[in-house]
Amino acid sequence: MIQDASDIPDNSILKSDICVVGAGAAGISMALSLMESGLSVLLLESGGVSEEAETQTLYEGEVADEALHSPPASYRQRRFGGSTTIWGGRCMPMDPIDFEQRDYMPHSGWPISFEDLRPYYERANQLCEAGNFVYSSTESYPARARAMLSGFHSSNFSTEQIERFSCPTNFAVRYGDRLAAADDVRLILHANVTNISLAEDGKSVRLVQVKTLSGKAFQVQAQHLVLCVGGLEVARLLLASRDHSNQGIGNEHDVVGRYYMCHLAGVIGTLAAADPASVWHGYDVSDEGVYCRQRIALLPSQQRAQGLANFVARLHFPRMTDPRHRIGILSAFCLGKFLIPYEYRKRLIDGGKTTLRVWLAHCRNVLLDLPYTVGFVWHLIRDRFLAERKFPSIIIRSKGGRFSLDFHAEQEPNPESRISLGQGVDALGMPRLRVDWRYTQGDVDKLRRSLALFAHDVAESGFGTFQYEPEMVETEMLRYGAYGGHHIGTTRMGDDPRSSVVDAQCRVHAVSNLHIASASVFPTSSQANPTLTLIAIALRLAQHLKKQTVPSSDFNTSEIRPQEART
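Numbering that gives the first Met the number 0 numbers the first residue of the sequence shown as 0 and each following residue consecutively.
What follows is the structure, encoded as structure tokens:
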């Protein structure tokens, strides 16, 4: 069932066995998994079915250094489907090494292993419509697999790993009908959770306060409460729920909001192949019809041996804003940059000023390269805008086998990188958040050594050259600041409450019925985009709750009654 919070009687109390907050990838996946389990599920979503400016402003906050982090309202969607309404669809799991405690990676180590998540990864792949849980080219399409860098031989890097791409699947559109038809799941839109009230002893959730922007208010009681909001918002909600303690919930040891990670990403250098025909940097299609792309991946054995962070890289076109690339379509994108959504414009296009001379040079590129430009635009219209399964990204032909390197690396967990409550309140009276994302010198050092290792192996194998300026690594790593929508680690998972917020089952340590299914629970960031892993974690938690929760007639989702007066 789907309804709007405006239809809920004011000052009511709603009851359910499980209340899930946030109808994005994790929340919808949990609801689907809990269907037909005999449990009543209440799914609360702040937004509606489309983006609404007034709701989106609830995400606004402050940033300690605007050069390092985008405004908090960017990259996030406060609506049914969450950020799956704007994501690019890139899917890949974390690697087994990411779950290990590594002496060269501060604050690393998960209380669960890759094998604990593996069966849920397979289901997550299905929900994302990313095909089979197979992430090597030789296994995904063995008859058609081709070398990414033919002639590149390395004991440090692999080029057979792939990333798979969702449609990209908008979870609200794809699964909305199933939620609407469900008798045991009740989705309420425009329902903003503003406070979590604990029992007198502080050991369980008593009530959840919900408000609408129109001024309505009601409460929820549930056997279990699950927060499936993003890594920024989950920390904000815990810190802002101060009925029982001024420190917030789960923050007895000042850990909530700390260890905030994104990914270290940028574009650097020039990879020049001795034989341009030896490079394959496009997309393949798996037997299930899923777009896949190979990438350069630092082997786990070498991460351990050399004390390096997890690192992958893709081949990328030259810097778009420099017209010396002489590629018409790149110049066309640069000239029309304001038509590109913010999420992609920031990473594709430099923020510098475009002089008249540069603008004219871009126009010249478009005119001289017109046949290729027209053909590319038709490909974009046909295969991305009109296709149900969209061509994932911009792949540009190379002139002379020259590419830049688009790297994506793990960030060290850092307790000084954090989310806290800022100045002012939003329209619902909740404190706005403050983002203080930080990186470490260890991040820079590990990234420099990984790039140097790759440059050595390219030359050693006779494949060609990779030239870059080592002193520019930190600059390139920070050119666009923290990586967009990857908000990781603010309520990390662990066995010790002094250094973590939730346990191995995603339960807040000191609160028996409060759980978190979000990228916020990741102790480390890996090299992987977080969506697939956060869905796997949500599915694992759903399975755990099905075993732990006894259906109760007292928690029927259809019950609405006036709030009883409290003394």
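Just so it is clear, CB atoms sit at the ideal spot from N, CA and C, and this is done for glycine as well.
Outcome for residue i when other beta-carbon atoms lying within 10 angstroms are tallied against a minimum of 16
i    : result
M471 : exposed
I326 : buried
S49  : exposed
S380 : Checking the displayed sequence, the identity of residue 380 turns out to be Ile instead of Ser. Classification for I380: exposed.
P275 : exposed
W377 : exposed
T567 : One cannot answer for residue 567 here, as it falls past the ends of the chain, which runs 0 to 566.
N245 : exposed
H152 : exposed
F310 : buried
T566 : In this prediction, T566 scores a pLDDT of 30, lower than 50, which makes its location untrustworthy; no coordinate-derived value is stated.
P370 : exposed
K546 : exposed
D495 : exposed
A272 : buried
F384 : exposed
V424 : exposed
D182 : exposed
G230 : buried
A304 : exposed
S300 : exposed
G21  : buried
E114 : exposed
H315 : buried
L367 : exposed
P529 : buried
Q302 : buried
A564 : With a pLDDT of only 37 at A564, under the threshold of 50, the placement of this residue in the model should not be trusted; the figure read from the coordinates follows. The residue in question, A564, is exposed, as its Cβ has fewer than 16 Cβ neighbours within 10 Å.
G268 : buried
D102 : exposed
G26  : buried
Integer-rounded CB distance, given that residue j should sit under 8 Å from residue i
i    : j    : result
Q422 : E61  : 7 Å
G130 : S285 : 5 Å
I487 : C261 : 7 Å
H514 : L540 : 6 Å
A331 : V373 : No, A331 and V373 are not in contact; Cβ-Cβ is about 10 Å, not under 8 Å.
I187 : E44  : 7 Å
A171 : F79  : 4 Å
G81  : A24  : 6 Å
A234 : T489 : 4 Å
Spatial neighbours of residue i in its chain, beta-carbon cut-off 8 Å, leaving aside the 5 residues before and after
i    : result
A426 : E53, T56, L57 and L212
A221 : K14, S15, D16, I17, C18, L41, V204, V207, N512 and F554
R177 : L31 and M34
Y158 : Residue identity check: residue 158 is Thr in the sequence provided, not Tyr. So the qualifying residues of the chain are A146, M147, L148, F151, Q293, R294, I295 and A296.
P469 : R447, L450 and A451
S569 : Outside the displayed span of the chain (0 to 566) sits residue 569, for which this structure offers no information.
Q542 : S32 and Y119
Own chain residues within Cβ distance below 6 Å of residue i, not counting five before or after
i    : result
L254 : According to the sequence displayed, residue 254 carries Val and not Leu. Cβ neighbours of V254 beyond the five flanking positions: V500.
I7   : F217
L237 : G247, I248, G249 and V255
A239 : M429 and P430
M0   : R185
A179 : I1
H407 : H262, A264, V311 and Q526
F132 : Y120, E121 and N124
I111 : A503
T193 : Q208, K210, L427 and M429
Beta-bridge partners of residue i, as assigned by DSSP
i    : result
I326 : Answer by DSSP bridge pairing: none, since I326 is not bridged.
L270 : F402 and F465
A296 : S157 and V311
Y290 : V284
L263 : A408
I7   : BP columns for I7 are empty, so no partner.
L367 : Note: L367 sits in no beta bridge, so no partner.
V225 : V19 and H514
I1   : L186
S196 : L206
P430 : V424
E162 : R292
Any non-hydrogen atom of the ligand PLP closer than 8 Å to residue i Cβ
i    : result
G229 : The ligand PLP is not part of this structure, which contains no ligands at all.
Cut-off 7 Å between Cβ atoms - residues of its own chain near residue i, not counting five sequence neighbours on either side
i    : result
K445 : L307 and A308
A481 : L67, H68, C261 and W436
T548 : D16, I17, L38, Q222 and H223
I'd like to know if the stretch 150 to 165 and the stretch 0 to 19 are in contact, where contact means that at least 3 CB-CB pairs between them fall below 8 Å. no
Touch check for the stretch 262 to 281 and the stretch 143 to 150: three-plus C-beta pairs under 8 Å? yes
For the pair the stretch 290 to 305 and the stretch 87 to 100, tell me if three or more CB-CB distances fall below 8 Å. yes
Cβ contact (3+ pairs, closer than 8 Å) linking the stretch 303 to 323 and the stretch 357 to 368: yes
Flag this pair as touching only if the stretch 413 to 422 and the stretch 387 to 394 have three or more C-beta atom pairs under 8 Å; answer yes or no. Of all C-beta pairs linking the stretch 413 to 422 to the stretch 387 to 394, fewer than three are shorter than 8 Å, placing the two stretches out of contact.
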